[in-house]
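Remarks on the structure that follows.
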Amino acid sequence: MGAKLRVYKRRIRSVTATKKITKAMEMIAASRVVKAQRQAAASTPYASELTRAVTAVATGSNTQHPLTTEVEQPTRAALLLITSDRGLAGGYSSNVIKAAEQLTERLKAEGKEVDAYIVGRKGVSYYSFRERKVVESWTGFTDSPTYADAKAISAPLIEAVQRDTAEGGVDELHIVTTEFISMMTQTAIDDRLLPLSLDKVEEPEESSKDEILPLFDFEPSAEDVLDALLPRYVESRIYNALLQAAASKHAATRRAMKSATDNAEDLIKSLSRLANAARQAEITQEISEIVGGASALADATAGSD
-6 MGAKLRVYKR RIRSVTATKK ITKAMEMIAA SRVVKAQRQA AASTPYASEL TRAVTAVATG
54 SNTQHPLTTE VEQPTRAALL LITSDRGLAG GYSSNVIKAA EQLTERLKAE GKEVDAYIVG
114 RKGVSYYSFR ERKVVESWTG FTDSPTYADA KAISAPLIEA VQRDTAEGGV DELHIVTTEF
174 ISMMTQTAID DRLLPLSLDK VEEPEESSKD EILPLFDFEP SAEDVLDALL PRYVESRIYN
234 ALLQAAASKH AATRRAMKSA TDNAEDLIKS LSRLANAARQ AEITQEISEI VGGASALADA
294 TAGSD
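Here's what the structure looks like:
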């Protein structure tokens, strides 16, 4: 019985140590998610206004720019998947990977080849394990991305869009990431960044549209303005997506670690009850043995008399 009690105590010590780790990770994630949420909220207005500026140039001129012009029969698309470098975040990475798989199947059903660009070790490992081709990947910064990271990611994607498909270019650019809605809700989403979908942007009413458009005057030309604005547009959208994904990851980690801590507490309570029962049984057995020994001694003494 003593051996069973030692096993319970050893397991309680082990679970208690695990609980301390998960509690610390929960607190770290809680502190990081606030900062990431603020950064994402601060970058969203800039990305939105830049999108409106690009839309104004595209709708206010007759310039046919490769980054805003729809291809009649697109045959190739680039997919940027943003995952996490680390786990312990519940279904965060698996949900966004599932959304990427669904988008890939949809694009293939439309007759398009898909070039994968991956952010985060989880996505890289997923594609590597299945021996799928990845054009380019980036890792090591998903917990705290910077604008420089967004620029590094944007450069090859913009180049691929500007290049002809016969030379390895793409007709479309799609992004799959996780949108931070609240501390309890994060949703995997997919969006087409290029060509810019003008119908998704709010436009002025038809009555005032004719009055607004003549006010635009582009220097040196609308095409030059688009050349300057569109890289910033892609960079800002990708940066915002990285920040949204980081905030979502930290929120998912906090939730997962809180659940693990609660489970550890429940397990400690259960093991403590079992340990108490084992100790009580051990004490009862010892008392029984003492009583039995005393009784036998008394019988032996009485027989000798």
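Under this note's numbering, the first residue of the sequence shown is numbered -6, with each subsequent residue one higher.
Virtual Cβ for every residue (Gly too), placed ideally from N, Cα, C.
- With a cutoff of 9 angstroms on beta-carbon distance, Y110 and L60 are scored as not near each other.
- Excluding sequence positions up to five before and after S121, its CB lies within less than 8 angstroms of the CB of V127, all in the same chain and listed in chain order.
- The Cβ atoms of T97 and L81 do not sit closer than 9 angstroms to each other.
- Pairing R69 with E106 gives a Cβ-Cβ distance under 9 angstroms.
- Around the C-beta of V64, fewer than 16 other C-beta atoms lie within 10 Å, and the residue is accordingly described as exposed.
- In the structure shown, T61 adopts coil according to DSSP, grouped into three states.
- Under the Cβ criterion (8 angstroms, minimum of three pairs), the segment 280 to 293 does not count as touching the segment 38 to 47.
- If you draw a straight line from the Cα of E172 to the Cα of A274, it is about 55 angstroms long.
- Listed in chain order, the beta strand (DSSP E) elements of length 3 or more contained wholly in the segment 73 to 153 are 106 to 112 and 129 to 131.
- Here Q66 carries a coil assignment [DSSP, helix/strand/coil].
- Under a 10 Å Cβ-count criterion, N269 is classified as exposed, with fewer than 16 other Cβ atoms of the shown protein chains found around its own Cβ.
- Pairing D164 with I21, the inter-Cα distance amounts to about 42 angstroms.
- The three-state secondary structure of D220, taken from DSSP, is helix.
- Listed in chain order, the non-local C-beta contacts of Q30 below 6 angstroms within the same chain comprise A240, local neighbours out to five positions each way being set aside.
- Residue pairing of Q179 in beta bridges, as defined by DSSP: F173.
- The three-state reading of DSSP puts E212 in coil, since its state is none of H, G, I, E or B.
- Between I231 and T132, the alpha-carbon positions lie close to 15 angstroms from each other.
- Annotated three-state conformation of L187 is strand, per DSSP.
- Distance from the CA atom of G84 to the CA atom of R99, rounded to whole angstroms, is 22 angstroms.
- A35 and G116 have their C-alpha atoms some 27 angstroms from each other.
- Between M176 and the set R123, A238 and E160, the nearest pair of CA atoms involves A238.
- Contact between Y1 and A271 holds, since their C-beta atoms are separated by about 6 angstroms, short of 8 angstroms.
- Taking the CA atoms as reference points, K101 sits about 28 angstroms from T44.
- Contact between A253 and T15 holds: their C-beta atoms lie close to 4 angstroms from each other, under 8 angstroms.
- Annotated as proximal: I168 and D184, with beta-carbon spacing under 9 angstroms.
- Out of V227, D78, E258 and T48, the CA that lies nearest to the CA of L186 is found in V227.
- For R125, the CB contacts under 8 angstroms within the same chain, skipping 5 residues up- and downstream, are A109 in chain order.
- Separation of A92 and S24 (C-alpha to C-alpha, rounded to the nearest whole angstrom) is 28 angstroms.
- Contact check for V8 and L267: beta-carbon distance about 12 angstroms, past the 8 angstroms limit, so the pair fails to qualify.
- With distances taken between CA atoms, E129 lies nearest to L74 out of L74, T158 and E258.
- Between V47 and L223, the C-beta spacing is below 9 angstroms.
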